[in-house]
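Presented below is the structure to which this report refers.
Protein chains in written order, with the working numbering: chain S, 4 to 287; chain H, 4 to 287.
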């Protein structure tokens with residue numbers, strides 16, 4: 004909510020914490036069939052997108068998230084060619100994935116076209132690869148899309164979803180991950196937005212339990228997300244192929260010559276180090 | 004400030020961002036000669052201390068900070084015996100340092116006794132080592148204390164200060180670090196609170212520039228600080244002795260059998276990995 008002094012504050016009721024930004028005003032809003040999307044102009048962080056009142060991203064710091072959901076998984080897989088992004092409607096993940104020259108096709112399937120419409124208008128820099136010939140943008144139910152994908156056809160699935168409430172709920176369940184495994188190639192990898200390991204440990208515990216029944220390797224990758232409550236955030240990696248730490252080849256990162264603001268080979272290695280409380284929570 | 008619905012929100016004016024907690028009320032407050040200290044009870048994070056309106060710590064997550072300002076530096080030094088903490092009035096750093104059995108004496112010098120008075124009352128768990136025979140608690144000007152320390156008498160200096168404004172300003176200047184070098188043993192190390200590398204890059208750039216003129220090794224250690232704006236926070240290590248990455252001996256951590264919630268050997272190694280934007284900012 005916006006207070007009287009023009010600060011947009013997200014009161015994160017479930018955990019009793021709040022984050023916010025100083026704004027100069029609201030630029031846009033739309034009520035889609037799924038959710039309410041609003042765009043604010045901040046004084047210091049560029050534009051701000053909220054969905055149903057939850058802060059999603061700012062212009063200035065979204066690279067933390069988009070680089071970390073994309074590059075660790077793409078540099079773990081030996082040669083990813085076919086990538087599917089479930090969610091990701093702001094197109095920032097799509098842009099990062101398309102930086103990899105070896106990637107031959109990427110399908111982004113977000114249920115809500117309005118997220119992309121708003122991103123094109125207010126975060127055009129995130130959408131500057133939308134017209135790449137390798138990109139396919141679908142606006143459909145990600146679960147249904149996955150159900151129709153041919154078996155063994157995808158190298159990397161990235162689940163770039165909102166929290167396990169509302170339209171994204173099914174993306175955190177076992178049926179979805181059985182389908183992920185079915186459509187992945189033998190050495191395919193799925194990387195999923197897994198919530199805050201400190202604020203909402205149950206989300207990551209639940210995902211860990213589900214994916215461990217389906218994949219031989221499950222690892223948690225931590226990163227800083229300034230615009231989410233608490234700043235400590237997690238992605239979960241699951242695969243029957245290469246291990247994101249033991250099989251990682253640092254030299255590939257430098258050789259790729261990708262222009263990145265956050266990710267590098269040392270960050271990759273460090274991001275899989277888990278604090279003691281988290282190891283304990285997932286039974287390590 | 005507290006809004007009408009009982010959320011304590013810190014509006015971080017310099018960077019246009021805010022964080023906050025839901026509270027049930029104010030437990031205590033004192034105006035010391037230096038600053039105003041307030042204690043609130045939160046709904047989910049235990050007690051909350053603010054100094055001049057800035058959130059300092061909560062009961063639930065302060066271990067992130069206190070473990071990371073203490074253990075990486077103490078496990079970098081080969082055998083730290085004599086430790087000085089400048090600031091650190093809440094005594095959480097003192098407690099972590101005293102977990103190391105090899106440490107023979109620790110002096111904590113905070114300018115404001117009221118911080119410790121409030122910590123004893125409202126964060127007693129942080130003060131449970133204050134009566135350790137190895138601990139000395141001084142309430143004095145840290146800069147003056149350092150000026151009177153004998154040369155070459157200290158193995159580790161920890162600068163556990165507030166931001167470079169108000170009483171802590173001098174702790175970020177070159178005269179202070181020249182004194183740090185003077186009182187350190189040849190292989191001594193200083194670890195300093197160095198601000199947010201994303202929100203206020205100038206603080207870390209400035210500290211890096213100053214310390215590089217005095218010490219041969221300067222490294223930045225990143226960690227998550229949920230209660231500071233942005234969550235990404237930095238300590239700076241400076242030494243003419245062992246290197247915190249290259250000379251680190253992971254086996255020592257396990258052998259110490261310390262009971263820790265955050266820090267372990269992998270976290271140590273990972274915390275010195277710097278994102279590309281930060282490498283660039285400090286000329287790496």
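Every residue gets a Cβ at the ideal spot worked out from N, C-alpha and C, and that includes glycine.
Note that the structure is predicted; figures quoted are calculated from it, not measured.
For this session: Taking 8 Å as the threshold, find out whether the region 119-135 of chain S comes into contact with the region 215-231 of chain S through three or more Cβ pairs.
Result: no
For this session: Could you have a look at residue 266 of chain S and say whether DSSP puts it in helix, strand or coil?
Result: coil
Exercise. If you compare alpha carbons, which of H:239, H:261 and H:258 is closest to residue 285 of chain H?
Worked result: H:239
Exercise. Which residue from S:218, S:269 and S:278 puts its Cα closest to that of residue 268 of chain H?
Worked result: S:278
Exercise. Which value, in whole angstroms, describes the spacing of the CA atoms of residue 145 of chain H and residue 87 of chain S?
Worked result: 56 Å
Exercise. Among S:142, S:83, S:108 and S:242, which has the Cα closest to the Cα of residue 91 of chain S?
Worked result: S:142
For this session: Look at the alpha carbon of residue 215 of chain S and the alpha carbon of residue 221 of chain S, and state the distance between them as a whole number of angstroms.
Result: 6 Å
Exercise. Taking DSSP as the reference, what is the three-state secondary structure of residue 9 of chain S?
Worked result: coil
Exercise. Does the Cβ of residue 283 of chain S lie closer than 6 Å to at least one heavy atom of the ligand FAD?
Worked result: Absence of the ligand FAD is noted for the structure shown, with no ligands found whatsoever.
Exercise. Does the Cβ-Cβ distance between residue 310 of chain H and residue 26 of chain H come in under 7 Å?
Worked result: The structure shown does not extend to residue 310 of chain H, since chain H spans only 4 to 287, so no value can be given for it.
For this session: Would you decide whether residue 189 of chain S is buried or exposed? Buried here means 16 or more other CB atoms lie within 10 Å of its CB.
Result: exposed
Exercise. On the three-state DSSP scale, how would you describe residue 243 of chain H?
Worked result: coil
Exercise. Looking only at C-alpha atoms, which of H:159, H:160 and H:197 sits nearest to residue 175 of chain H?
Worked result: H:197
For this session: Check whether the Cβ atoms of residue 157 of chain H and residue 76 of chain H sit closer than 7 Å, and answer yes or no.
Result: no
Problem set entry | Run of the beta strand (DSSP E) containing residue 25 of chain S, from where it starts to where it stops | 20-34
Exercise. What number of angstroms, rounded off, separates the C-alpha of residue 241 of chain H from the C-alpha of residue 69 of chain S?
Worked result: 33 Å
Problem set entry | Beta-bridge partners of residue 90 of chain H, as assigned by DSSP | H:163
Exercise. Where do the ends of the alpha helix (DSSP H) carrying residue 204 of chain S lie?
Worked result: 204-215
For this session: Report yes if the CB atom of residue 55 of chain S is closer than 7 Å to the CB atom of residue 34 of chain S, and no otherwise.
Result: no
Exercise. What residues in the region 41-54 of chain S bring their beta carbon closer than 9 Å to a beta carbon of chain H?
Worked result: 45, 46, 47 and 48
For this session: Could you list which residues in chain S have their beta carbon closer than 9 Å to that of residue 19 of chain H, in chain order?
Result: 10, 24, 25, 26, 45, 46, 47 and 48
Problem set entry | Residues within the region 264-276 of chain H neighbouring chain S, beta-carbon criterion of under 9 Å | 264, 265, 266, 267, 268, 269, 270, 271, 272, 273, 274, 275 and 276
For this session: Kindly indicate which three-state DSSP category residue 106 of chain S falls into: helix, strand or coil?
Result: coil
Problem set entry | Contact check, residue 224 of chain S vs residue 274 of chain S, beta carbons under 7 Å | yes
For this session: Identify each residue in the region 206-239 of chain H for which the Cβ-Cβ distance to at least one residue of chain S is less than 7 Å, and report them in chain order.
Result: 227, 229, 233, 234 and 235
Problem set entry | residue 184 of chain H vs residue 213 of chain H beta-carbon contact at 7 Å | no
Exercise. How about residue 66 of chain S and residue 264 of chain S: are their beta carbons less than 7 Å apart?
Worked result: yes
Exercise. Do you know how far the Cα of residue 18 of chain H is from the Cα of residue 236 of chain H?
Worked result: 15 Å
For this session: Just the C-alpha distance for residue 266 of chain H and residue 250 of chain H, rounded to the nearest angstrom, thanks.
Result: 18 Å
Exercise. With 16 other CB atoms within 10 Å as the buried threshold, where does residue 113 of chain S fall?
Worked result: buried
For this session: Could you work out which residues of chain S lie near residue 64 of chain H, taking near to mean beta carbons separated by less than 9 Å?
Result: 201 and 233
For this session: Could you tell me which chain S residues have their CB closer than 8 Å to the CB of residue 280 of chain H, listed as they occur along the chain?
Result: 264 and 265
Exercise. What residue does the beta strand (DSSP E) around residue 227 of chain S start on, and which one ends it?
Worked result: 220-227
Exercise. Residues bridged to residue 51 of chain S by DSSP?
Worked result: S:43 and S:61
Exercise. Between which two residues does the alpha helix (DSSP H) carrying residue 259 of chain S extend?
Worked result: 253-259
Problem set entry | Interface partners of residue 14 of chain H on chain S, CB under 7 Å | 10
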